[in-house]
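Peer 1:
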Amino acid sequence: MKVFIIKFRLLYTLILGSAINCFAQNNYFTVNTEQSGTAFSFPVFSSPANNQTALKINRFLQLAELQLLKGSEKQNLFERVTTNGGGSGKKVLMNYIVQANSNKLLSVQIKESSCETECTNETRYYNFNAGNGDLIHLKDLFTAEGYPKFYTALTTKRTAVLDKQLLKLSAADKALMEGVKECYAASTLNDFYIKENILYLDGENCFYNTQKNQLIKRLDNFTLPEFKEYLNDYGKSLFAVSTNNIGDYRSYILPQLFESREISDSMLIFVLTPFYMEEMKGIYAYINKGIGFKMEGRVKGDELYLAEFENPIGETPYLYATYANNQIKGVLADRRKTITKPVNLIRK
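Going by our numbering, the sequence shown opens with residue 2, and the numbers climb by one from there.
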C-alpha cells in the first residue's frame, strides 16, 4: 500500500508538473536567420507539426516589416526597406530576439533604426498564437470587465516604478522626463511579451532618445497572480491556467493577416492596421510577385478606402471595399474604377 501511494504521488506530481510547464515547451518553431552583414537579421520560422501556422506568421512578419516575401528578393530580404523607407526613413539596422517559442506562444522582438533627416530607434513586439498564427493582443486575453481593471492596475504599478526612479534624478534631469507618464496612461500595450508566465511590458517607445540617456528602467514585469482573476478563457489557456487548446481561440483585433479566399499562385495577402480614429493603414502583396505596397486611408462604418501612398507604380493603386465580419470584399482599381481587380480577403 505504501509503495502504491508513493507511485501515485509521483505520477500526480509528474502530471501536475507537465500541466504547469506546458507553456515552457521551448523551440516549438525552428528558427532560421536571414542576415545581411552584421546590421541586419530577421527570423524565418518553420514547424513540421504546424507548417501552415509558420507560413502565416512568416507572411505577416515579412510583409509588415520588410515589404518583401522570402523568395522574391534579388539580393537579400532587406532590400526594400534599406532603399525605400516608405516615408519613415531607410532602415540602417534591424535585429530580432525570440522571447518565447512554445506550443502556445511565439513572441518576437524587433529592434530597428531608420534614418532620413535624423535617425530614430524603435522596438516592436509580435506575439503569435502558436496554434493558428493569429497576432495576439493583450485585450484578447481578458474579460470585458477585467481588462479595464487590469489596465488600471498595470498603469498604476508602472507609474509608481517610474516615480521611484525619478526621485534619484536632479531637477533638471527630471524635467527631461516630461511626457513619459502620459504615454504610459495612453498606451495601447502593444509592446509586450510573455515568458515563463510573466508578462513583460516594454516602455522603450515612450522615451525620446534624450530620455533614454537617463538610465531609467523601461521594462516592467507582472506575475500571473497580479492579473489571473481578470483572464478570460483565451488568457487562461495561454497562461496554462486551463488545458484548453490554444488554437481554438481567435483574435478579432487588428492588425491581422488577410488572404484571398481562393488559393492560387497569384493570391493576394494583406495586413490591415488601425492608425488613428477612422484612419487605417495596409500593406498588400501578390504571392507570385512578393513585393509589398503600403496603403493609407480610412474606414467609415463598414466602408474601407485605401490608396498607395508611395508613388503608385501599378495600374490599380486604390482599394474600394467593405470590411465586415473579418472579411475585406471589394476591388483594387484605378481612380476612376475603369480598371478593376476583385478582392475577397478573409482571415485563415
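Beta carbons: idealized from backbone N, C-alpha and C, even for Gly.
This structure is a prediction, so every number in the text was calculated from the model and none was measured.
1) First and last residue of the beta strand (DSSP E) that includes Phe-223?
2) Among Asn-85, Ala-50, Asn-77 and Ile-247, which has the Cα closest to the Cα of Gly-132?
3) So, at 7 Å on beta carbons, what are the nonlocal neighbours of Asn-27 in its own chain, with the 5 sequence-adjacent residues on each side left out?
4) Based on DSSP bridge pairs, tell me the residues matched to Lys-92.
5) CB Ile-111 to CB Arg-125, shorter than 7 Å?
6) Look at the alpha carbon of Glu-337 and the alpha carbon of Leu-255, and state the distance between them as a whole number of angstroms.
7) Taking 7 Å as the CB-CB cut-off, is Thr-160 touching chain C?
8) Out of curiosity, what's the CA-to-CA distance linking Val-181 and Glu-279?
9) Can you pull the DSSP bridge partners for Tyr-201?
10) Can you check which of these residues, Phe-228, Asn-222 and Glu-123, is closest to Glu-205 by C-alpha distance?
11) What's the call for Phe-46, buried or exposed, on a 16-neighbour Cβ count within 10 Å?
12) Out of curiosity, what's the CA-to-CA distance linking Met-95 and Lys-75?
13) Near Ser-37, which residues of its chain fall below 6 Å by C-beta distance, leaving aside the five closest residues on each side in sequence?
14) Between Phe-151 and Asn-198, is the Cβ-Cβ spacing less than 7 Å?
15) With 16 as the cutoff for other CB atoms within 10 Å, does Gln-63 come out buried or exposed?
16) State the start and end residues of the unbroken beta strand (DSSP E) segment that holds Leu-167.
17) Whether or not the region 266 to 286 and the region 142 to 158 are in contact is what I'm after, with contact meaning three or more pairs of Cβ atoms, one per stretch, closer than 8 Å; do they touch?
Peer 2: Taking the geometry as given:
1) Here residue 223 is taken as the residue at index 222 of the sequence shown, counted from 1. That run of the beta strand (DSSP E) goes 220 to 224.
2) In the sequence shown, residue 132 corresponds to position 131, counting from 1. For Gly-132, the closest of Asn-85, Ala-50, Asn-77 and Ile-247 by C-alpha to C-alpha distance is Ile-247.
3) The sequence position of residue 27 within the sequence shown is 26, counting from 1. Counting only Cβ-Cβ distances below 7 Å, and skipping sequence neighbours, we find Asn-102 and Ser-103.
4) Looking up residue 92 in the sequence shown gives position 91. Paired residues: Ser-115.
5) On the sequence shown, residue 111 is found 110 positions in, with the first residue counted as 1. On the sequence shown, residue 125 is found 124 positions in, with the first residue counted as 1. Yes, the Cβ-Cβ distance between Ile-111 and Arg-125 is below 7 Å.
6) Taking the first residue of the sequence shown as 1, we reach residue 337 at position 336. Taking the first residue of the sequence shown as 1, we reach residue 255 at position 254. Correcting the residue identity first, residue 337 is Arg in this sequence and not Glu. Approximately 29 Å, taken between the alpha carbons.
7) Of the chains in the structure shown, none is chain C; there is only one protein chain.
8) The residue labelled residue 181 in the question sits at position 180 within the sequence shown. The residue labelled residue 279 in the question sits at position 278 within the sequence shown. Going from the Cα of Val-181 to the Cα of Glu-279 covers about 26 Å.
9) Start at 1 with the first residue of the sequence shown, and residue 201 comes out as number 200. Tyr-201 is bridged to Tyr-194 and Asn-222.
10) Sequence index remark: in the sequence shown, residue 205 carries index 204 (1-based). Cα-wise, what sits closest to Glu-205 is Glu-123.
11) Residue 46 sits at position 45 when you count from the first residue of the sequence shown. So Phe-46 ends up on the buried side.
12) Position 94 of the sequence shown, counted from the first residue, corresponds to residue 95. Position 74 of the sequence shown, counted from the first residue, corresponds to residue 75. Computed Cα separation, rounded: 19 Å.
13) Here residue 37 is taken as the residue at index 36 of the sequence shown, counted from 1. Asn-77 and Phe-79, listed in sequence order.
14) The residue labelled residue 151 in the question sits at position 150 within the sequence shown. The residue labelled residue 198 in the question sits at position 197 within the sequence shown. No, the pair does not count as a contact, with Cβ atoms beyond the cut-off.
15) Counted from its first residue, the sequence shown places residue 63 at position 62. So Gln-63 ends up on the buried side.
16) What you label residue 167 is simply residue 166 of the sequence shown in a count that begins at 1. Looking at the DSSP string, Leu-167 is not in any beta strand (DSSP E); the run it does join, the alpha helix (DSSP H), is 147 to 167.
17) no
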